[in-house]
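Chain order of the listed sequences is A and B. Oh and the first sequence: position 141 is 479 in the numbering used here, straight run, nothing missing. Oh and the second sequence: position 228 is 252 in the numbering used here, straight run, nothing missing. Yeah, the Cβ is synthetic: ideal placement off N, Cα and C, and Gly gets one too. The block underneath contains the structure these notes are about, expressed in structure tokens.
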Amino acid sequence: MKTYLPPKFVVERDDSRCIRCEVCVNQCTFDVNSYDIEDDEIKSREENCVGCHRCVVFCPTEALTVRRNPLDYRENYNWRPEVIEDIIKQSETGGVLLTGMGNDKSYRIYWDHLVLNASQVTNPSIDPLREPMELTTYLGQKPDRVEFSSVGLKTELAPQVKLEVPVMFSAMSYGAVSLNVQESLARAATEMGTLWNTGEGGLHPKLYKYGDNTTVQVASGRFGVHPEYLDVARIVEIKIGQGAKPGIGGHLPGEKVSAEVAMTRMIPRGTDALSPAPQHDIYSIEDLSQLVYALKEATNYTKPVAVKIAAVHNSAAIASGMVRAGADIIVLDGLRGATGAAPKIIRDNVGIPIELALASVDDRLRQEGIRNQASVVIAGGIRNSGDVAKAIALGADAVYIATAALVALGCTVCQQCHTGKCAWGICTTDLWLTKRVNPDIGARRLSNLLRGWSLELKDILGGMGINALESLRGNRLHLRGVGLTDTELEILGVRMAGS
Amino acid sequence: MKEVVTIDGQGIFYRELNAKLRQAAWNGTQKIELRNVYGQRYIGTNLDKPVEIEIFGTPGNDLGIFMDGPRIIVHGNAQDGCGNTMNSGEIIIHGHAGDILGLSARGGKIFVREDVGYRAGIHMKEYQGKKPMVIIGGTAQDFLGEYMAGGILILLGLNLKEGERHKANFIGTGMHGGAIYMRGEVQEFQLGKEVGVAELDENDYLILKELVGEFAYHFGYDAEEILKYKFTKLFPLYLRPYGRLYAY
């Protein structure tokens, strides 16, 4: 069938700069560029271009420009090019439209409507360059009260995990991303005193040595879950849902199930790795509690158990149930949370913004007097340290980042993760491509990112006259809203700027 | 170090019971007798020793969850989630078992003398030599072998009357690996869309002979008598049942 899809991008090559080195030909994984030996010319099949800019970055003479195809359809706000093209794709395939990364639609980003406070005159700001600043965060259940005896603390504490920076790497499974990506994350997490997360693809034995900085996931597919996996981990996370695809499972396509992925997931090579939508031993809060305590038994009560859900309409009530079910950490993944593959219609339409979910969950747990019983970690679209500071002020204990981490490794958010052809070698298991991420360099880039954010967080705290992140946590008086309605301000628990 | 240790489960919470089990197993005990078990959960988890646990009473949910090595014999019925994500070892149940028997099991063997509940063998896996095996003497409820990605599931239907069908519908829905062997009658409409029906070949009979032999040994049956009847083999039609669902 002839496709009616027009090219999304235009590849422009400045012939006076092009030296026919064929770097663009070799770097492109979508078969855009080719060298015509007869004409001594590099040619482009623009209809294949996904706009990932791999060729642009690697062209040694900067001869390439990739820009959006202007696509001069008649203007129509309802029938935008994306809408038209989705219909074309489906009429040519009859399938569910797949996509990667997070929701790219224009839902309000509340972080951009929240501003932070700073000290002026009445309460001196602190210079973090010369005074100690503390970002240390402990995740885990906190006791209702503490008692001391003559020798020290009498109260028995639940297991706590110490983070030097309140930013962890969110779940990305081996299979969705490559082992080199996971190694980069693991090494950076270890260096920076935080944690990375295996996702539900199991843990490659090569990464066991980073166990103290590893959160392992137990999800509906139970891939790679075995006693040693639970033993090496620092935190065990039960994944109920994911922000990019609340309520649905995952299908890692057979072509991404390579020999090593098959070993780690314990399924035959080339079969689809199917993660069912529900966990079949969890149909209620009581069942969730059963799995939480199963994992505590299996790890002899030495590790916090986290439960991750997608932020949905009744998250606050669910979160209350999760805490009562025994979760030590609850994780909320918002509307903009990303994925290696999800139906586009789900990614773009299901779930609620993380800012609102966080505010309502934190409120609910406080109202019920159980906020201390679990740490709250949020995920889904955190872009910079400003977002982190606002999240902490709204009530989060820590945040997860995944897209930001991948961008640090080269990702340009071209949303082709589901194809397995990632030209940046990130979201693929193709051994030729995975070499494009060098764990030595990857770990350095990720550590640099976290170091930069840490310094900025300290600047933000210092400006507020606070010397410990703990003093900002849940302190919504440090936030003000700009351009928000009364209802939005009420849900966020934040006052209007100027009031 | 004692060869056999008896633990009384009367009136104690699972946390205490399992702590006692762990202590006994880590002390090198070979065999533990658990008396008066009244629904305590997670028995057999986190032991990683080839210890034998004989249970008298009714163990609770998630018996042998994440289990790695022990052998559990239950004189009574097991509840839901028996053998959940089990890695290796054996569970032998002289009675019935509840729902999701062997959920996501990665290895080991489970023998149930009587019937099992819904979704038995769901999402069992296998990798090379590591293969979970579940043998059920009676019949099962719906969604038997759902999402199965590997392993062997045998349903013997020994308690079915002459001409009586197995009860389950949607057998093998979403199955994409492993094999199900069924003795006794099953109709086409009871099967999931993703399974095919095949005659048994020589290799299948070898598998059956071994596993039914073990089953018969545990529960005092005559294996040859069981194997005389016709078996049906169910296999996954596709390795990628949902591979054609998507537009890229």
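Determine the extent of the alpha helix (DSSP H) in which residue i is found, giving its start and end residues.
i, result
"residue 565 of chain A", "565-570"
"residue 9 of chain B", "In the structure as shown, chain B begins at 25 and stops at 272. Residue 9 of chain B is therefore absent and cannot be evaluated."
"residue 62 of chain B", "Looking at the DSSP string, residue 62 of chain B is not in any alpha helix (DSSP H); the run it does join, the beta strand (DSSP E), is 55-62."
"residue 128 of chain B", "Element bounds for residue 128 of chain B: n/a, residue is neither H nor E."
"residue 320 of chain A", "As displayed, chain A neither begins before 339 nor continues past 837, which places residue 320 of chain A out of reach and without an answer."
"residue 728 of chain A", "723-732"
"residue 30 of chain B", "Run containing residue 30 of chain B: none in the alpha helix (DSSP H); it sits in the beta strand (DSSP E), 28-32."
"residue 774 of chain A", "It is not in any alpha helix (DSSP H) - residue 774 of chain A carries neither H nor E in the DSSP assignment."
"residue 699 of chain A", "692-705"
Using a Cβ-Cβ cutoff of less than 7 angstroms, which residues in the same chain neighbour residue i once the five nearest sequence positions on both sides are dropped?
i, result
"residue 610 of chain A", "589, 590, 591, 592"
"residue 816 of chain A", "454, 455, 731, 802, 810"
"residue 265 of chain B", "198, 200, 218"
"residue 814 of chain A", "731, 732, 831, 832"
Going by alpha carbons, who is nearest to residue i out of the options?
i, options, result
"residue 471 of chain A", "A:738, A:808, A:659", "A:808"
"residue 793 of chain A", "A:743, A:487, A:656, A:468", "A:468"
"residue 236 of chain B", "B:95, B:202, B:250, B:48", "B:250"
"residue 744 of chain A", "A:708, A:714, A:781, A:728", "A:781"
"residue 296 of chain A", "A:595, A:581, A:596, A:528", "The structure shown does not extend to residue 296 of chain A, since chain A is modelled only from 339 to 837, so the question has no answer here."
"residue 230 of chain B", "B:255, B:217, B:211", "B:255"
"residue 670 of chain A", "A:778, A:633, A:733", "A:733"
"residue 599 of chain A", "A:569, A:573, A:544", "A:544"
"residue 476 of chain A", "A:687, A:716, A:504, A:583", "A:504"
"residue 448 of chain A", "A:363, A:696, A:705, A:759", "A:696"
"residue 509 of chain A", "A:787, A:778, A:675", "A:675"
"residue 182 of chain B", "B:130, B:164, B:155", "B:164"
"residue 630 of chain A", "B:32, B:29, B:36, B:65", "B:65"
"residue 280 of chain A", "A:489, A:452, A:400, A:415", "The question about residue 280 of chain A has no answer here: the residues shown for chain A are numbered 339 through 837."
"residue 341 of chain A", "A:595, A:784, A:424", "A:424"
"residue 758 of chain A", "A:516, A:740, A:347", "A:516"
"residue 480 of chain A", "A:583, A:499, A:523", "A:499"
"residue 673 of chain A", "A:639, A:769, A:691", "A:691"
"residue 131 of chain B", "B:147, B:214, B:258, B:36", "B:147"
"residue 141 of chain B", "B:193, B:155, B:187, B:75", "B:193"
"residue 559 of chain A", "B:261, B:73, B:223, B:128", "B:128"
"residue 579 of chain A", "A:626, A:408, A:729, A:567", "A:626"
Name the DSSP bridge partner or partners of residue i?
i, result
"residue 434 of chain A", "B:270"
"residue 681 of chain A", "A:436"
"residue 486 of chain A", "A:491"
"residue 500 of chain A", "A:476"
"residue 206 of chain B", "B:179, B:256"
"residue 738 of chain A", "A:506"
"residue 239 of chain B", "Beta-bridge pairing links residue 239 of chain B to no other residue."
"residue 157 of chain B", "B:133, B:176"
"residue 151 of chain B", "B:154"
"residue 195 of chain B", "B:215"
"residue 140 of chain B", "B:121"
What are the start and end residues of the beta strand (DSSP E) that includes residue i?
i, result
"residue 671 of chain A", "667-671"
"residue 398 of chain A", "It is not in any beta strand (DSSP E) - residue 398 of chain A carries neither H nor E in the DSSP assignment."
"residue 713 of chain A", "713-717"
"residue 454 of chain A", "452-454"
"residue 222 of chain B", "219-222"
Here's a check: name, in chain order, each residue in its chain whose Cβ is nearer than 6 angstroms to the Cβ of residue i, leaving out the five neighbours to either side.
i, result
"residue 654 of chain A", "698, 699, 702"
"residue 117 of chain B", "98, 102, 136"
"residue 60 of chain B", "32, 33, 34, 81"
"residue 694 of chain A", "829"
"residue 57 of chain B", "30, 78"
"residue 648 of chain A", "579, 580, 581, 584, 671, 689"
Apart from the five residues on each side of it in sequence, which residues of its chain come closer than 8 angstroms, Cβ to Cβ, to residue i?
i, result
"residue 241 of chain B", "247"
"residue 708 of chain A", "658, 661, 662"
"residue 373 of chain A", "358, 360, 363, 379, 380, 381"
"residue 69 of chain B", "42, 86, 88, 89, 90, 91"
"residue 836 of chain A", "818"
"residue 426 of chain A", "341, 342, 343"
"residue 67 of chain B", "38, 41, 42, 45, 58, 61, 77, 79, 83, 84, 87, 88, 96"
So that I know if they touch, is there some Cβ in chain D lying closer than 9 angstroms to that of residue i?
i, result
"residue 246 of chain B", "Of the protein chains in the structure, A and B, none is chain D."
Q: Run through the region 346-388 of chain A for me and flag every whole alpha helix (DSSP H) of 4 or more residues, listed as ranges in chain order.
A: 361-365
Q: Go through the region 502-562 of chain A residue by residue and report every complete run of the beta strand (DSSP E) that reaches 3 residues or more, in order.
A: 505-507, 552-556
Q | Residue ranges of each beta strand (DSSP E) within the region 568-613 of chain A, 3 or longer | A | 573-577, 588-590, 611-613
(Q) As an exercise, report each continuous alpha helix (DSSP H) stretch of at least 4 residues that is fully enclosed by the region 635-670 of chain A, in chain order. (A) 653-662
Q: Can you check the region 71-117 of chain B for any beta strand (DSSP E) of at least 3 residues that lies completely inside it and give the ranges in chain order?
A: 76-82, 92-99, 112-117
(Q) Quick check for students: name the residue ranges of the beta strand (DSSP E) that lie wholly in the region 786-833 of chain A, counting only runs of 3 or more. (A) 817-819
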